[in-house]
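Q: Protein chains in written order, with the UniProt record's numbering: chain A, 1 to 442; chain B, 1 to 445; chain C, 1 to 298.
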Amino acid sequence: MASTPASPAAEGIRKAVVVGGNRTPFARANGAYAQASNQDMLTAALDGLVARFGLADERIGEVAAGAVLKHSRDFNLTREAVLGSALAPTTPAYDLQQACATGLETVMGLANKIKLGQIESAIAGGVDSASDAPIAVSEGLRAVLLELNRAKTLKQKAAAVAKLRPKDLAPVAPGTAEPRTGLSMGEHQALTTAAWEISRAAQDELALASHRNLAAAYERGFFDDLVTPYRGLTRDGNLRADTSLEKLGALQPVFGRSLGDKATMTAGNSTPLTDGASAVLIGSEDFARSRDLPMLASIVDAEAAAVDFVHGKEGLLMAPAYAVPRLLARHQLTFEDFDFIEIHEAFAGTVLCHLSAWESEEFCRNKLGLDAALGKIDPSKINVAGSSLAAGHPFAATGGRIVATLAKLLHEQAVSEGRRGRGLISVCAAGGMGVVAILEAC
Amino acid sequence: MADAYLKLVNSPPASVIAKKLGLPRPTELRRYRRGQPMVPGPVLVVASGAAEGLSGQLSGWGLEVRRRTAPGEKLGAIVLDLTTVSDPRELSEPMLAVGASLRDLAPGARVVSISRPADSASEPAAAAARQGVQGAVRSLARELRAGATANGLLLADGMDLADPGALGALQFLLSGRSAYVDGQFLLVGPGADQLPEDADRPLAGRTAVVTGAARGIGAAIAKVLHRDGARVVCVDLPAAGEELAKVSNAAGGTALQLDITSDDAGARILEHARSRYGGLDIMVHNAGITRDKLLANMDQARWDSVINVNLAAQLRINEALLASGAGQAPRVVCLASTSGIAGNRGQTNYAASKAGVIGMVGASAAAFAERGGAINAVAPGFIETEMTARIPWGTREVARRLLPSLQQGGLPVDVAEAVAFLAGDAAGGVNGRTLRVCGQSLVGA
Amino acid sequence: MSTDDVLLEELPSLSRLYVSAASTAARTKLGALERPLVLPPARHTVEDVRVSLEHVTRFQHLLHGTVRDSLPSVFVHSAAFPVGMSILARTDFPLPLLGMVHLGNRVRHLRSIHFSEPLAITAWADNLAGHYAGTQVDLHVTVSSAGKPVWEGVSTYLAKGVFLPGLDKQTRPPREDFVPPRPTATWRLGPEAGREYAGVSGDFNPIHLSSLSARVLGLKRSIAHGMYLASRVLTSIESVAAEKFEWDIRFAAPVFLPATVAVRIEDEEAGGRWGASCFVGWGERSHRKHFQGTARAL
Chain A
1 MASTPASPAA EGIRKAVVVG GNRTPFARAN GAYAQASNQD MLTAALDGLV ARFGLADERI
61 GEVAAGAVLK HSRDFNLTRE AVLGSALAPT TPAYDLQQAC ATGLETVMGL ANKIKLGQIE
121 SAIAGGVDSA SDAPIAVSEG LRAVLLELNR AKTLKQKAAA VAKLRPKDLA PVAPGTAEPR
181 TGLSMGEHQA LTTAAWEISR AAQDELALAS HRNLAAAYER GFFDDLVTPY RGLTRDGNLR
241 ADTSLEKLGA LQPVFGRSLG DKATMTAGNS TPLTDGASAV LIGSEDFARS RDLPMLASIV
301 DAEAAAVDFV HGKEGLLMAP AYAVPRLLAR HQLTFEDFDF IEIHEAFAGT VLCHLSAWES
361 EEFCRNKLGL DAALGKIDPS KINVAGSSLA AGHPFAATGG RIVATLAKLL HEQAVSEGRR
421 GRGLISVCAA GGMGVVAILE AC
Chain B
1 MADAYLKLVN SPPASVIAKK LGLPRPTELR RYRRGQPMVP GPVLVVASGA AEGLSGQLSG
61 WGLEVRRRTA PGEKLGAIVL DLTTVSDPRE LSEPMLAVGA SLRDLAPGAR VVSISRPADS
121 ASEPAAAAAR QGVQGAVRSL ARELRAGATA NGLLLADGMD LADPGALGAL QFLLSGRSAY
181 VDGQFLLVGP GADQLPEDAD RPLAGRTAVV TGAARGIGAA IAKVLHRDGA RVVCVDLPAA
241 GEELAKVSNA AGGTALQLDI TSDDAGARIL EHARSRYGGL DIMVHNAGIT RDKLLANMDQ
301 ARWDSVINVN LAAQLRINEA LLASGAGQAP RVVCLASTSG IAGNRGQTNY AASKAGVIGM
361 VGASAAAFAE RGGAINAVAP GFIETEMTAR IPWGTREVAR RLLPSLQQGG LPVDVAEAVA
421 FLAGDAAGGV NGRTLRVCGQ SLVGA
Chain C
1 MSTDDVLLEE LPSLSRLYVS AASTAARTKL GALERPLVLP PARHTVEDVR VSLEHVTRFQ
61 HLLHGTVRDS LPSVFVHSAA FPVGMSILAR TDFPLPLLGM VHLGNRVRHL RSIHFSEPLA
121 ITAWADNLAG HYAGTQVDLH VTVSSAGKPV WEGVSTYLAK GVFLPGLDKQ TRPPREDFVP
181 PRPTATWRLG PEAGREYAGV SGDFNPIHLS SLSARVLGLK RSIAHGMYLA SRVLTSIESV
241 AAEKFEWDIR FAAPVFLPAT VAVRIEDEEA GGRWGASCFV GWGERSHRKH FQGTARAL
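#1: What does DSSP give as the partner residues of Glu268 (chain C) in its beta bridges?
#2: Please list the terminal residues of the continuous beta strand (DSSP E) segment that includes Met283 (chain B).
#3: In this structure, what does DSSP give as the bridge partners for Asp4 (chain C)?
#4: Considering Pro320 (chain A), what are the terminal residues of the alpha helix (DSSP H) in which it resides?
#5: Using C-beta distances below 6 Å, list every residue in its chain close to Ala374 (chain B), excluding the 5 sequence neighbours before and after it, in chain order.
#6: How far does the alpha helix (DSSP H) with Lys247 (chain A) in it reach, from first residue to last?
#7: Of the residues A:Ile425, A:Gln35, A:Phe347, A:Gly268, which one's Cα is nearest the Cα of Pro325 (chain A)?
#8: Using only alpha-carbon positions, find the residue among A:Tyr218, A:Thr90, A:Arg79 that is nearest to Ala391 (chain A).
#9: Measure the C-alpha to C-alpha separation of His411 (chain A) and Arg422 (chain A) and round it to an integer number of angstroms.
#10: Find the residues of chain C that neighbour Lys163 (chain A), judging by a C-beta separation of less than 8 Å, and give them in chain order.
#11: What are the residues of the stretch 242 to 264 of chain A that lie near chain B, defined by any Cβ-Cβ distance shorter than 9 Å?
#12: Classify Tyr132 (chain C) as buried or exposed, calling it buried when 16 or more other Cβ atoms lie within 10 Å of its own Cβ.
#13: With a Cβ-Cβ cutoff of 8 Å, do Ala21 (chain C) and Leu128 (chain C) count as a contact?
#14: Taking only the alpha-carbon atoms, compute the straight-line gap between His55 (chain C) and Met85 (chain C) and give it to the nearest angstrom.
#15: Please classify Leu37 (chain C) as buried or exposed, where buried requires at least 16 other C-beta atoms within 10 Å of its C-beta.
#16: Buried or exposed for Pro5 (chain A), please, with buried defined as at least 16 other CB atoms from any protein chain shown within 10 angstroms of its CB.
#17: Taking a cut of 9 Å between CB atoms, which residues from the stretch 296 to 318 of chain B lie near chain A?
#18: For residue 449 (chain B), which of B:Ala336, B:Gly346, B:Ala416 has the nearest alpha-carbon?
#19: Taking contact to mean 3 or more Cβ pairs, one atom from each stretch, closer than 8 Å, check whether the stretch 252 to 264 of chain A and the stretch 230 to 245 of chain B are in contact.
#20: Residues of chain C with CB closer than 8 Å to the CB of Thr181 (chain A), please, in chain order.
#21: Whole angstroms is fine: what's the gap from Gln252 (chain A)'s alpha carbon to Ala267 (chain A)'s?
#22: Less than 8 Å between the CB atoms is what I'm expecting for Ala379 (chain B) and Arg316 (chain B), so what's the real figure, rounded?
#23: Runs of 3 residues minimum, wholly inside the stretch 60 to 127 of chain B: which ones carry the beta strand (DSSP E) assignment?
#24: Taking only the alpha-carbon atoms, compute the straight-line gap between Gly325 (chain B) and Leu294 (chain B) and give it to the nearest angstrom.
#25: Does the CB of Val50 (chain A) have a neighbour CB from chain B at under 8 Å?
#26: Would you kindly work out how many angstroms separate the C-alpha atoms of Asp236 (chain B) and Asp40 (chain A), rounded to a whole number?
#27: In the DSSP assignment, the beta strand (DSSP E) including Gly260 (chain A) goes from what residue to what residue?
#28: Is the CB of Ala245 (chain B) under 8 Å away from at least one CB in chain A?
#29: Below 8 Å, can you find three or more Cβ-Cβ pairs linking the stretch 191 to 203 of chain C to the stretch 28 to 44 of chain C?
#30: Under the rule that 16 or more other beta-carbon atoms within 10 Å means buried, what is Phe75 (chain A), buried or exposed?
#31: Could you check whether the stretch 126 to 144 of chain A touches the stretch 29 to 49 of chain A, counting it as contact only if at least three pairs of C-beta atoms, one from each stretch, sit closer than 8 Å?
#32: Report the option in C:Asn105, C:Asp168, C:Glu152, C:Ala259 whose CA atom is closest to the CA atom of Ser112 (chain C).
#33: Give a yes or no on whether the C-beta atoms belonging to Ile260 (chain B) and Ala222 (chain B) are separated by under 8 Å.
#34: Could you check what DSSP says for Arg250 (chain C) in three-state terms: helix, strand or coil?
#35: With H, G and I counted as helix, E and B as strand and the rest as coil, what does DSSP make of Pro36 (chain C)?
#36: List the whole-angstrom C-beta distance separating Ser441 (chain B) from Thr338 (chain B), where the pair is believed to meet the contact cut-off of C-beta under 8 Å.
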């Protein structure tokens with residue numbers, strides 16, 4: 001807690017507001033976007049956003065986006081997408097990568113620039129393709145190729161090539177395994193889920209709620225100005241409006257099978273590999289006002305945390321459980337002060353472990369150093385327009401999806417109830433990280 | 001969508017052969033391009049009475065005006081002032097004068113008659129003369145070749161030729177904007193205040209909404225309105241997705257994903273236009289669908305969906321526009337169809353919806369005029385779009401080649417030009433009308 | 001017993017040691033050679049051993065470690081291994097080198113060792129003792145720099161089925177019930193894992209190289225090097241461990257390749273810093289324990 005500044009945003013710093021968002025529908029891997037690259041999808045998301053807010057040929061302060069699974073040729077992915085988009089080619093851009101928190105972190109980084117007055121407007125985004133994932137050559141072949149490149153004489157070249165072994169020719173696909181543990185994210189979560197004794201039924205119920213909420217949001221047209229259909233896909237490909245506890249309950253566990261009877265994580269209560277892109281338009285209040293653009297929500301603050309998971313001291317995806325209380329403390333808020341809570345559903349178990357941790361007096365005392373449990377969150381506030389279990393999770397695109405969704409939820413509430421509500425975002429990420437943020441209706 | 005035949009017969013060897021064989025020889029139409037003169041040569045003014053006022057106006061636009069043809073000179077247009085005819089016998093002299101000059105017309109030339117509507121004539125002889133003009137000009141239009149067209153302007157009784165509404169309509173009919181309008185008569189009444197300041201950006205500062213903007217004619221309308229200076233809100237179904245974004249980015253506008261058949265469509269359109277642009281000046285009802293089936297095989301779903309999208313949605317949105325109270329009512333332009341005028345086999349539902357649009361426009365005119373707006377329709381004939389590209393080849397060739405005087409299908413931009421005209425101040429005297437953009441197709445003649 | 005100190009001119013070649021061990025074995029079998037019953041009182045030393053930076057780097061890469069200028073603890077073991085081997089391969093060594101099983105290691109890593117330091121390596125054997133399955137022996141290796149020990153290791157080997165007169169045969173301890181704890185890592189080891197580690201460690205014992213070569217020596221498939229397993233664990237621990245630390249590992253069931261090994265490493269803090277790590281590895285599916293050990297700050 002020592003590193004947490006005592007006071008909220010310093011006085012004199014101006015606001016950064018969410019104007020709106022746009023994303024492609026998310027597609028299951030090797031589905032509708034199998035042939036689309038990260039750059040293609042990010043460009044589509046940008047173009048949709050530009051169209052929604054009439055920004056064609058405009059110079060935006062800065063665009064930041066990223067991808068988790070990234071080709072080496074995409075060293076300037078975001079800038080290339082900007083060049084291919086309807087934005088003015090004089091719009092600068094940069095790439096950012098913080099695993100699954102990439103999307104949220106781009107929003108926060110750019111919001112800070114706006115707050116500091118460095119830029120007036122920005123687009124934050126993210127994209128990922130599990131279908132068009134980079135395939136690398138093996139370490140052996142790579143070593144030989146590099147040596148061949150360094151070799152000057154024919155003899156040196158021959159010597160380099162001679163080191164090549166048949167197995168070196170097999171390509172290497174990226175895995176979702178943590179480099180330091182060799183455990184996939186699902187296996188990691190399975191251990192945490194078991195440690196917190198989260199039941200299969202609770203996970204399936206959360207997954208069901210995600211599908212129902214997302215389907216209902218689509219039905220009421222909630223996503224009409226948040227999603228631009230792409231390549232024939234008009235809704236998220238993973239959405240199963242007609243799923244049920246029976247259907248979810250019939251699925252076999254896919255993670256934590258070595259745990260025996262304690263294996264509870266299925267394809268139904270875990271997010272699938274997904275393709276898609278998202279983008280969020282943010283700006284200063286002046287920027288929005290001068291163009292008659294909507295101001296949905298103000299980006300209040302964010303906190304990142306990381307846990308030591310390498311030797312199992314903490315669960316891989318538990319960092320948000322630490323980040324949230326730090327952020328709440330900084331703003332002297334409790335869960336009661338929030339109208340909407342968006343917890344990224346990497347797995348149903350992740351969300352339930354976070355909730356259990358915050359409800360656990362032992363965890364809050366021993367791990368967070370609090371006097372008592374942080375408290376229980378009213379389930380009706382959580383992921384009310386669906387989340388990753390239903391929508392899917394193209395890693396870097398998830399942050400943008402959540403920010404735009406929450407901003408719109410807050411705005412809707414502000415319009416209908418005349419109240420400036422507050423929302424909390426929590427995103428866990430590989431490497432034992434988590435980023436959380438607060439938005440407030442404008 | 002490309003008209004390969006049109007390209008072929010305009011290439012040197014093929015054009016000779018086509019002429020010898022008497023095959024249709026369509027010409028690339030003269031279409032509006034910024035910076036080009038209004039007409040491709042001097043304007044011959046033929047008048048039954050004194051024509052000084054008219055000549056003065058034309059000269060004022062920078063046009064060279066002739067009262068008679070000079071040998072070897074190609075005319076850009078003939079303007080035929082018949083506003084004073086009161087007896088059929090008065091037609092012969094001016095008509096024959098026009099006839100003597102037809103061979104001098106440049107490619108893409110215009111013949112525009114100005115006369116009075118027959119139904120408001122007090123005497124049968126005057127009505128006969130006035131109606132006679134229409135027959136003569138429409139037949140003349142069929143004689144013309146090389147992309148030249150003939151249209152008429154019906155000036156309401158009591159209105160002066162110098163009325164801005166008359167001049168605006170005249171400019172449209174003379175210019176490249178009316179390329180595929182042929183053999184048509186446009187009724188102009190009072191109501192126009194002034195012509196646009198900048199003829200190249202007549203819609204500057206206006207906010208326009210175009211439904212069905214993601215592709216085809218809707219996309220062309222969005223782009224032309226943008227070219228003419230309007231800020232465009234492009235509306236289409238959410239499913240239109242990326243295409244709508246592309247169009248609206250190309251038109252420098254905003255995309256609004258919306259199902260126009262939803263109950264709150266009108267309210268949402270108004271809300272968007274007001275919050276982003278401070279108001280709505282132009283509403284283009286372009287969205288439409290076809291669900292073709294012979295009536296004998298028609299089912300309720302096909303019938304209802306076509307009526308709902310093509311007609312009922314327009315009615316509902318118009319109600320919302322009129323009821324909104326705030327500010328002036330917009331100028332509304334609806335897309336009708338020549339199918340709605342002439343009928344088309346397999347399109348009972350579609351033709352019902354499009355004829356319905358024509359009826360709706362006529363009946364809504366007064367209400368819109370009362371609130372400072374207007375409502376008109378454009379009825380396209382055969383337009384080269386993705387939709388018409390799916391028509392079987394034989395039917396398509398008849399529709400595009402043999403039926404229209406211009407011997408070719410129109411382009412989406414031709415419809416868009418008519419829409420843009422009706423959406424602007426130049427059409428201030430036009431209300432409750434349906435303007436056909438059909439190349440003088442036999443269908444619905 | 002007087003000590004016979006031998007100063008070797010250079011690091012012995014492991015392959016040559018294996019060949020000479022094979023010939024010793026053959027000659028013993030033919031009766032041409034008789035093995036003594038006691039350990040030779042010999043200490044072999046090689047001075048001025050230089051580690052190749054490229055060699056360390058390959059080792060670090062293979063073990064998923066960070067490329068650093070200091071030497072991984074298990075790398076020091078492999079660098080010193082030929083000297084130890086030269087003890088085991090002596091014709092007067094009482095146990096046959098080939099087919100010897102690695103039971104465990106204890107290492108004291110006394111300080112961080114820079115790759116450029118010239119090292120003196122001394123090896124000797126002691127503690128010849130009975131084991132329920134044969135006879136075991138401790139092989140000591142001390143690595144010094146500038147006259148001071150920087151690394152001390154003891155490897156315990158078992159000559160299976162060799163029972164020397166005068167040594168008591170131990171009774172087999174009861175098999176412990178192993179219930180796998182929650183893993184903190186899994187390693188997927190391909191069939192090439194043995195060959196790859198041989199490539200960076202120089203230990204080309206045929207039992208690690210291929211199914212075929214392993215079968216010649218009576219194993220159903222090739223097995224992973226014990227020191228490879230130790231090295232994978234140590235790589236993960238050394239990133240958090242203190243500069244001075246000791247570690248030990250006891251090998252249980254061999255890891256037949258290919259294999260998925262589940263591992264649990266548990267850190268203990270002492271005074272807010274790393275104090276120790278306990279670790280255990282087992283077959284993810286078989287649930288058989290492969291190794292267990294600890295590392296502790298010194």
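In this text, a Cβ means the ideal position worked out from N, Cα and C, and glycines have one as well. The structure presented is a predicted model; accordingly, all values stated were derived computationally and were not measured.
A: In brief:
#1: Beta-bridge partners of Glu268 (chain C) (DSSP): C:Ala276.
#2: Looking at the DSSP string, the run of the beta strand (DSSP E) that includes Met283 (chain B) is 282 to 285.
#3: Note: Asp4 (chain C) sits in a beta bridge opposite C:Ala42.
#4: DSSP places Pro320 (chain A) in the uninterrupted alpha helix (DSSP H) bounded by 319 to 331.
#5: Closer than 6 Å at Cβ, skipping near neighbours: Arg331, Phe368, Asn431.
#6: Its alpha helix (DSSP H) spans residues 245 to 249.
#7: When only C-alpha atoms are compared, the closest one is A:Ile425.
#8: When C-alpha distances from Ala391 (chain A) are compared across A:Tyr218, A:Thr90, A:Arg79, the shortest belongs to A:Tyr218.
#9: If you draw a straight line from the Cα of His411 (chain A) to the Cα of Arg422 (chain A), it is about 10 Å long.
#10: Near Lys163 (chain A) there are no residues of chain C at all, since even the closest Cβ is about 11 Å away, more than 8 Å.
#11: For the stretch 242 to 264 of chain A, there are no residues whose beta carbon sits under 9 Å from a beta carbon of chain B.
#12: That one is exposed.
#13: It is not a contact, given that the beta carbons lie outside the stated cut-off.
#14: A straight-line Cα-Cα distance of about 20 Å links His55 (chain C) and Met85 (chain C).
#15: Leu37 (chain C) counts as exposed, since fewer than 16 other beta carbons sit within 10 angstroms of its beta carbon.
#16: Summary for Pro5 (chain A): the model assigns pLDDT 48, below 50, so the residue's position carries little reliability, and this model does not support an answer.
#17: For the stretch 296 to 318 of chain B, which is checked against every Cβ of chain A, not one residue is closer than 9 Å.
#18: Shown here, chain B extends from 1 to 445; a query on residue 449 (chain B) therefore has no answer.
#19: Look at the beta carbons and you see the stretch 252 to 264 of chain A not touching the stretch 230 to 245 of chain B: under three pairs across the two are nearer than 8 Å.
#20: Neighbours of Thr181 (chain A) on chain C, chain order: Thr184, Ala185, Thr186.
#21: Cα to Cα, the separation comes out at about 8 Å.
#22: About 21 Å separates the Cβ atoms of Ala379 (chain B) and Arg316 (chain B), ruling out a contact at the 8 Å cut-off.
#23: DSSP runs (the beta strand (DSSP E)) wholly in the stretch 60 to 127 of chain B: 75 to 81, 105 to 115.
#24: Rounded to whole angstroms, Gly325 (chain B) to Leu294 (chain B) spans 43 Å at the Cα level.
#25: At least one chain B Cβ lies under 8 Å of Val50 (chain A).
#26: Cα to Cα, the separation comes out at about 22 Å.
#27: Careful: Gly260 (chain A) lies outside any beta strand (DSSP E) and carries neither H nor E.
#28: Using beta-carbon distances, Ala245 (chain B) counts as an interface residue toward chain A, with a partner under 8 Å.
#29: They do not touch, by the three-pair rule.
#30: Counting Cβ neighbours within 10 Å, Phe75 (chain A) comes out exposed, since fewer than 16 surround it.
#31: In short, these stretches touch, since the Cβ pair count reaches three.
#32: Cα-wise, what sits closest to Ser112 (chain C) is C:Glu152.
#33: Going by C-beta atoms, Ile260 (chain B) is not nearer than 8 Å to Ala222 (chain B).
#34: Strand, per DSSP.
#35: If DSSP states are grouped into helix, strand and coil, Pro36 (chain C) belongs with coil.
#36: 6 Å between Cβ atoms; contact.
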